[in-house]
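According to my numbering, the residues represented by the sequence shown are 213 to 438, in order. Data block below; observations after.
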Amino acid sequence: MYAKQGVTKDPRVAIIEDLHTLIISKFYSAQDYLIIGIDANEDINSSSSTSILQMLSGLGLQDALEFLNGKSRPPTISGSSQTIDHILVSQNVLEHLVGAGQLVKNSTFTSDHPTLFIQLDDSILSTSTHSTSTKPRKLHTKDYAAVEAYLEELRYQFSQNNIQNRVRELLDIPHNHWHPEHTMKYNKLDEHITKLMLLAEKKCSKKKNSNYDWSPELAKAGSELS
């Protein structure tokens, strides 16, 4: 893309400079809540002159997972000891963080990277004059029975709808062969995945949590005794 625009500098440097300019010009006020999920291909402690994480840190963004859980994060790439995936947030987001972590690899999606997540409290919505009321989500991470049922249903739906192969098909397209029809296909797939996630959430929302570790066998035994 940069070559087509006549830019001859290092593409990584150009991306860092453009992102810095975008944040400063569009998202750098007290009213803006900035959350950036990034595969930076570098560790948070990188001192390279072309470090995208150093640039974001210089703007006051902080790794949400380290903020809540400490700096001893596990690696985020198979076969490596480096932590190169991050969720960085602006300082005004930190007070609203109630949870953050990373899931076991391939627990929700096939990848050599784990899924990262953060949880925010509802008060962040009331700070914006443009916010609208939202329906509470039916799935909660501390409802272990529902989470297990959700993941099981989601894997089933992904299998039935051939999601993994459809994603792989798009991932295998070289960037110089990517065309508008691929973008349309990507967006339709993204919408389909979202619908499957909401369907799985709806199906598992009535699972009951308890003080014992949940399993399908144990739940079945409990229903037979009740």
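Heads up, the beta-carbon is just placed ideally off N, CA and C, and yes, glycines get one too.
Per DSSP, cross-strand counterpart(s) of residue i
{"i": "residue 331", "result": "311"}
{"i": "residue 301", "result": "247 and 274"}
Exposure of residue i, with buried meaning 16 or more beta-carbon neighbours within 10 Å
{"i": "residue 357", "result": "buried"}
{"i": "residue 305", "result": "buried"}
{"i": "residue 302", "result": "buried"}
{"i": "residue 383", "result": "exposed"}
{"i": "residue 323", "result": "exposed"}
{"i": "residue 330", "result": "buried"}
{"i": "residue 262", "result": "exposed"}
{"i": "residue 376", "result": "exposed"}
{"i": "residue 346", "result": "Because the pLDDT of residue 346 is 48, which lies under 50, any placement of that residue in the model is unreliable, and the number read from its coordinates should be weighed accordingly. With fewer than 16 Cβ atoms within 10 Å of its Cβ, residue 346 is classed as exposed."}
Local conformation of residue i per DSSP, three classes
{"i": "residue 275", "result": "strand"}
{"i": "residue 257", "result": "coil"}
{"i": "residue 237", "result": "helix"}
{"i": "residue 323", "result": "coil"}
{"i": "residue 414", "result": "helix"}
{"i": "residue 262", "result": "coil"}
{"i": "residue 357", "result": "helix"}
{"i": "residue 252", "result": "coil"}
{"i": "residue 232", "result": "helix"}
{"i": "residue 288", "result": "coil"}
{"i": "residue 316", "result": "coil"}
{"i": "residue 406", "result": "helix"}
{"i": "residue 196", "result": "In this structure the chain extends from 213 to 438, so residue 196 is not present and cannot be described."}
Spatial distance of residue i from residue j (CA atoms)
{"i": "residue 259", "j": "residue 364", "result": "42 angstroms"}
{"i": "residue 265", "j": "residue 309", "result": "20 angstroms"}
{"i": "residue 223", "j": "residue 416", "result": "45 angstroms"}
{"i": "residue 233", "j": "residue 239", "result": "10 angstroms"}
{"i": "residue 242", "j": "residue 338", "result": "14 angstroms"}
{"i": "residue 404", "j": "residue 412", "result": "12 angstroms"}
* Of all the alpha helix (DSSP H) runs that stay within the bounds of the region 358-396, which reach a length of 4 or more residues? -> 375-383
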